[in-house]
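This report refers to the structure that appears directly beneath it.
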Amino acid sequence: MAQFDVYRIRGNVLVVDCQADLLSDLQTRFVVPLRPTDAVIFKRLMPSFTINGEVLTMITTLARAIDVRDIEDTVATLDAAQFEIKAALDMLISGY
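Heads up: the sequence shown begins at 1 in the numbering used here, then just goes up one per residue.
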């Protein structure tokens, strides 16, 4: 498991791992769901990414912790998009 990896979790849901790798010994991961959307009003808060040919939006307002046992597999990495991911989390937490 690594920060910015995209996992499939129970219920066939895709999430991006936003937790620091330093905390990999914990039994939970801080994740944000990824979903297909038609239109995003606030792109800084909810950036979109192409994963396996599908455009998915990071639904930052639904960020949560999951048990590592809920992770079924790793499907991609968004390591190259870490600036956009961190900016979305900053917007949610700090308002900028």
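Don't be surprised by glycine CBs; every beta carbon is placed ideally from N, CA and C.
Since this is a predicted model, take the numbers as computed values, not measurements.
Need the endpoints of the alpha helix (DSSP H) that Ser97 sits in, please. In the structure displayed, the chain extends from 1 to 96; residue 97 sits before or after that span and is not available.
Rounded to whole angstroms, what's the CA-CA distance from Gln19 to Leu78? Just pull it up for me. Going from the Cα of Gln19 to the Cα of Leu78 covers about 13 Å.
What whole-angstrom Cβ distance do Ile51 and Val6 have, given they're in contact under 8 Å? Rounded, the Cβ-Cβ distance is 6 Å, consistent with contact.
Buried or exposed for Val55, going by 16 or more other Cβ atoms inside 10 Å? Exposed.
Please state whether DSSP places Ala100 in a helix, a strand or coil. Nothing can be reported for residue 100, as the shown portion of the chain is limited to 1 through 96.
For the beta strand (DSSP E) that Ala65 lies in, which residues bound it at each end? Per DSSP, Ala65 belongs to the beta strand (DSSP E) from 64-67.
Contact set for Thr28: own chain, Cβ-Cβ below 7 Å, skip 5 residues either direction: Cβ within range, chain order: Ala65, Ile66, Asp67, Val68.
In whole angstroms, give me the CA-to-CA distance for Leu45 and Gly11. Per the coordinates, the alpha-carbon of Leu45 lies some 25 Å from the alpha-carbon of Gly11.
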